[in-house]
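Residues 8 to 153 (our numbering) are what the sequence shown spells out, left to right.
For every residue, glycine included, the Cβ atom is placed at its ideal position computed from N, Cα and C.
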Amino acid sequence: MACTENLASDLFSLFLRMHRMMNKRLAEQGASLARTKLLLFLDRRGPSRAADIADFFDQAPRTVTEAIDGLERDGLVVRRPHPHDRRVKHISITEAGGRVLGETEPLRQELIGSVFGALNDDEQAQLSVLFGKLSVALDAQDASAN
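Below, the structure is given as C-alpha coordinates:
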(Lines of atoms letter the chains of each structure in order from A and count residues from 1; the text may use other names and numbers.)
(Lines give C-alpha, C1' and ligand atoms only; values in the text may rest on other atoms or scores of the structure.)
Protein backbone atom coordinates (compact mmCIF):
# COMPACT_ATOMS: atom_id res chain seq x y z
CA MET A 1 0.00 0.00 0.00
CA ALA A 2 2.89 2.34 0.75
CA CYS A 3 4.07 1.99 -2.85
CA THR A 4 0.71 3.13 -4.24
CA GLU A 5 0.65 6.02 -1.79
CA ASN A 6 4.08 7.04 -3.07
CA LEU A 7 2.84 6.81 -6.67
CA ALA A 8 -0.16 8.99 -5.89
CA SER A 9 2.05 11.47 -4.06
CA ASP A 10 4.59 11.52 -6.90
CA LEU A 11 1.88 12.06 -9.52
CA PHE A 12 0.30 14.88 -7.54
CA SER A 13 3.71 16.48 -6.91
CA LEU A 14 4.59 16.31 -10.61
CA PHE A 15 1.26 17.89 -11.55
CA LEU A 16 1.75 20.73 -9.04
CA ARG A 17 5.30 21.38 -10.23
CA MET A 18 4.18 21.51 -13.88
CA HIS A 19 1.27 23.78 -12.96
CA ARG A 20 3.53 26.17 -11.03
CA MET A 21 6.12 26.18 -13.82
CA MET A 22 3.48 27.01 -16.44
CA ASN A 23 1.99 29.74 -14.26
CA LYS A 24 5.42 31.26 -13.70
CA ARG A 25 6.44 31.17 -17.37
CA LEU A 26 3.08 32.50 -18.57
CA ALA A 27 3.22 35.27 -15.94
CA GLU A 28 6.58 36.31 -17.38
CA GLN A 29 4.68 36.84 -20.66
CA GLY A 30 1.91 38.80 -18.90
CA ALA A 31 -0.56 35.91 -19.01
CA SER A 32 -1.92 33.31 -16.63
CA LEU A 33 -2.57 29.62 -16.96
CA ALA A 34 -6.14 29.98 -15.69
CA ARG A 35 -7.00 32.58 -18.34
CA THR A 36 -5.24 30.59 -21.04
CA LYS A 37 -7.13 27.41 -20.12
CA LEU A 38 -10.47 29.24 -20.13
CA LEU A 39 -9.78 30.84 -23.51
CA LEU A 40 -8.62 27.48 -24.87
CA PHE A 41 -11.83 25.84 -23.62
CA LEU A 42 -13.98 28.44 -25.40
CA ASP A 43 -11.88 28.26 -28.55
CA ARG A 44 -12.23 24.47 -28.74
CA ARG A 45 -15.81 24.07 -27.51
CA GLY A 46 -17.38 27.21 -28.88
CA PRO A 47 -19.97 29.33 -27.07
CA SER A 48 -20.65 27.89 -23.63
CA ARG A 49 -22.69 28.59 -20.54
CA ALA A 50 -20.83 29.61 -17.39
CA ALA A 51 -22.33 26.58 -15.63
CA ASP A 52 -20.82 24.25 -18.25
CA ILE A 53 -17.42 25.90 -17.83
CA ALA A 54 -17.65 25.56 -14.03
CA ASP A 55 -18.55 21.87 -14.39
CA PHE A 56 -15.69 21.19 -16.80
CA PHE A 57 -13.07 22.83 -14.56
CA ASP A 58 -14.72 21.60 -11.34
CA GLN A 59 -14.85 25.15 -10.04
CA ALA A 60 -17.49 27.03 -8.08
CA PRO A 61 -19.82 28.98 -10.39
CA ARG A 62 -18.86 32.23 -8.63
CA THR A 63 -15.16 31.62 -9.34
CA VAL A 64 -15.88 31.07 -13.04
CA THR A 65 -18.16 34.12 -13.20
CA GLU A 66 -15.40 36.29 -11.75
CA ALA A 67 -12.90 34.91 -14.27
CA ILE A 68 -15.34 35.55 -17.13
CA ASP A 69 -15.97 39.07 -15.82
CA GLY A 70 -12.24 39.80 -16.00
CA LEU A 71 -11.90 38.36 -19.50
CA GLU A 72 -14.94 40.32 -20.63
CA ARG A 73 -13.52 43.55 -19.14
CA ASP A 74 -10.34 42.92 -21.14
CA GLY A 75 -12.34 42.31 -24.33
CA LEU A 76 -11.25 38.67 -24.59
CA VAL A 77 -14.72 37.13 -24.28
CA VAL A 78 -18.27 38.33 -24.84
CA ARG A 79 -21.57 37.26 -23.31
CA ARG A 80 -24.45 36.80 -25.73
CA PRO A 81 -28.05 35.75 -25.12
CA HIS A 82 -28.89 32.11 -25.72
CA PRO A 83 -30.93 31.84 -28.93
CA HIS A 84 -33.79 29.93 -27.25
CA ASP A 85 -33.55 30.76 -23.53
CA ARG A 86 -33.26 34.42 -22.60
CA ARG A 87 -32.26 33.50 -19.03
CA VAL A 88 -29.02 31.95 -20.31
CA LYS A 89 -25.93 33.72 -21.62
CA HIS A 90 -23.39 32.07 -23.87
CA ILE A 91 -19.76 33.08 -23.43
CA SER A 92 -17.68 33.25 -26.61
CA ILE A 93 -14.06 34.06 -27.28
CA THR A 94 -13.52 37.31 -29.17
CA GLU A 95 -11.04 38.04 -31.91
CA ALA A 96 -8.82 39.71 -29.30
CA GLY A 97 -9.14 36.61 -27.11
CA GLY A 98 -8.06 34.48 -30.05
CA ARG A 99 -4.98 36.67 -30.52
CA VAL A 100 -4.06 36.37 -26.83
CA LEU A 101 -4.53 32.61 -27.02
CA GLY A 102 -2.35 32.56 -30.13
CA GLU A 103 0.42 34.19 -28.10
CA THR A 104 0.12 32.08 -24.94
CA GLU A 105 -0.88 28.62 -26.19
CA PRO A 106 2.43 27.97 -28.00
CA LEU A 107 4.31 28.63 -24.75
CA ARG A 108 1.99 26.28 -22.83
CA GLN A 109 2.49 23.59 -25.49
CA GLU A 110 6.27 24.12 -25.41
CA LEU A 111 6.35 23.65 -21.65
CA ILE A 112 4.26 20.48 -21.84
CA GLY A 113 6.48 19.21 -24.65
CA SER A 114 9.65 19.89 -22.71
CA VAL A 115 8.42 17.81 -19.78
CA PHE A 116 6.99 14.88 -21.72
CA GLY A 117 9.84 15.12 -24.22
CA ALA A 118 11.98 13.47 -21.54
CA LEU A 119 10.16 10.27 -22.53
CA ASN A 120 10.65 8.56 -25.87
CA ASP A 121 7.65 7.70 -28.07
CA ASP A 122 7.27 4.20 -26.60
CA GLU A 123 7.40 5.53 -23.04
CA GLN A 124 4.83 8.21 -23.86
CA ALA A 125 2.53 5.57 -25.38
CA GLN A 126 2.98 3.35 -22.33
CA LEU A 127 2.25 6.27 -19.99
CA SER A 128 -0.88 7.07 -21.97
CA VAL A 129 -2.09 3.47 -21.56
CA LEU A 130 -1.38 3.61 -17.82
CA PHE A 131 -3.24 6.92 -17.46
CA GLY A 132 -6.14 5.32 -19.32
CA LYS A 133 -6.23 2.45 -16.83
CA LEU A 134 -6.17 4.87 -13.92
CA SER A 135 -8.96 6.88 -15.52
CA VAL A 136 -11.12 3.75 -15.87
CA ALA A 137 -10.48 2.92 -12.19
CA LEU A 138 -11.52 6.45 -11.19
CA ASP A 139 -14.66 6.21 -13.32
CA ALA A 140 -15.55 2.93 -11.60
CA GLN A 141 -15.03 4.49 -8.17
CA ASP A 142 -17.13 7.48 -9.17
CA ALA A 143 -19.92 5.24 -10.49
CA SER A 144 -19.98 3.12 -7.32
CA ALA A 145 -20.15 6.26 -5.16
CA ASN A 146 -23.26 7.44 -7.02
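Query	Result
contact_flag[the stretch 112 to 119, the stretch 83 to 102] where n(CB pairs < 8 Å) is 3 or more	no
Between the CA atoms of A147 and T72 - distance to the nearest angstrom	31 Å
Coil, strand or helix - H26 by DSSP	helix
Under the three-state DSSP convention, the category P88 falls into	strand
Selected residue, minimal CA-CA separation from R52, among D128, F19, I100	I100
Range covered by the alpha helix (DSSP H) that runs through S151	128 to 152
CB contact flag (G120, L46, <9 Å)	no
Touching by the beta-carbon criterion (3+ pairs, under 8 Å), the stretch 129 to 143 and the stretch 63 to 78	no
Cα-Cα separation between V122 and N30, rounded to whole angstroms	15 Å
Three-way DSSP call (helix, strand, coil) for S3 in this model	Residue 3 is absent from the model: the chain starts at 8 and stops at 153.
Pick from S55, E130, Q133, L33 that is closest to R87, judged by C-alpha positions	S55
Straight-line Cα distance separating F22 from V85	31 Å
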